[in-house]
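Following: one structure in structure tokens, then a few remarks.
Numbering (my numbering), first residue to last: 608 to 844.
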């Protein structure tokens, strides 16, 4: 099955312009995926939330899914629930909530502030099963085995990627060790979407990619890691 996917590689917390929405609509995507911590209020940051802002950000995802007639994998946002804060991805299809997933494996800067989720999960759309894993979840093989057991065909991975001093060869080697390996373990195509550095978070590198068990199908090249771009690709799953 061929799927049209969009990787929205742009700065965190920005509004989605009418121009961007029109560009995405013309592609007629099946899925649009945003980076980790994209749906945030930059005045609050990534580890603070208010009920009003949370409702507003969720509404943004729902409306976009309706306007584009697509599945929106809503990056992530801080979610207030159960008296604690989670790092959560909300998934909408044509204004309908398919569900949400709370990040299980936390980044060190989240520990003590964000509560880890309790379980991986999958979703259904277009007659297929798909999954969401968030950033450091890729270091937990349990998530990939879960996706294989549930027969996920494609996995979306909203990611927050701090810049590292490394060569292109080191970057590409890491891509293979994490994402190509993860695709092989899960039996699914993996779509990783990163945010671009900005005044809000000026230490990011945008290393979005698409991987299968056979190798990297697409990657942002090292000289494009600071480039805000809407990536549109067709993938076989």
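For glycine and all other residues, C-beta sits at the position ideal for the given N, C-alpha and C. Here the structure is a predicted model, which means the values were calculated and not measured.
DSSP three-state assignment for residue i, whether helix, strand or coil
i, result
"residue 756", "helix"
"residue 802", "coil"
"residue 732", "strand"
"residue 672", "helix"
"residue 638", "strand"
"residue 608", "coil"
"residue 840", "strand"
"residue 665", "helix"
"residue 746", "helix"
"residue 849", "Outside the displayed span of the chain (608 to 844) sits residue 849, for which this structure offers no information."
Limits of the beta strand (DSSP E) - the one that residue i falls within
i, result
"residue 620", "No beta strand (DSSP E) holds residue 620; DSSP gives it neither H nor E."
"residue 829", "Premise fails: residue 829 is in no beta strand (DSSP E) and is neither H nor E."
"residue 818", "816-819"
"residue 653", "Note, residue 653: premise wrong, no beta strand (DSSP E); not H, not E."
"residue 763", "761-766"
Burial state of residue i (16 or more Cβ within 10 Å)
i, result
"residue 677", "buried"
"residue 725", "exposed"
"residue 658", "exposed"
"residue 828", "exposed"
"residue 783", "exposed"
"residue 656", "buried"
"residue 816", "buried"
"residue 637", "buried"
"residue 691", "exposed"
"residue 717", "buried"
"residue 715", "exposed"
"residue 719", "exposed"
"residue 763", "buried"
"residue 625", "exposed"
"residue 754", "buried"
Inter-residue CB distance, residue i and residue j (contact presumed, cutoff 8 Å)
i, j, result
"residue 769", "residue 810", "5 Å"
"residue 612", "residue 641", "Contact flag wrong, Cβ pair sits at about 12 Å."
"residue 823", "residue 630", "25 Å between Cβ atoms; not a contact."
"residue 758", "residue 736", "5 Å"
"residue 673", "residue 702", "4 Å"
"residue 610", "residue 741", "20 Å between Cβ atoms; not a contact."
"residue 618", "residue 835", "6 Å"
Enclosing alpha helix (DSSP H) for residue i [first to last residue]
i, result
"residue 782", "775-782"
"residue 789", "788-793"
Counting only runs that start and end within the segment 680-729, where is the beta strand (DSSP E) found for 3 or more residues in a row?
684-688, 691-700, 703-709
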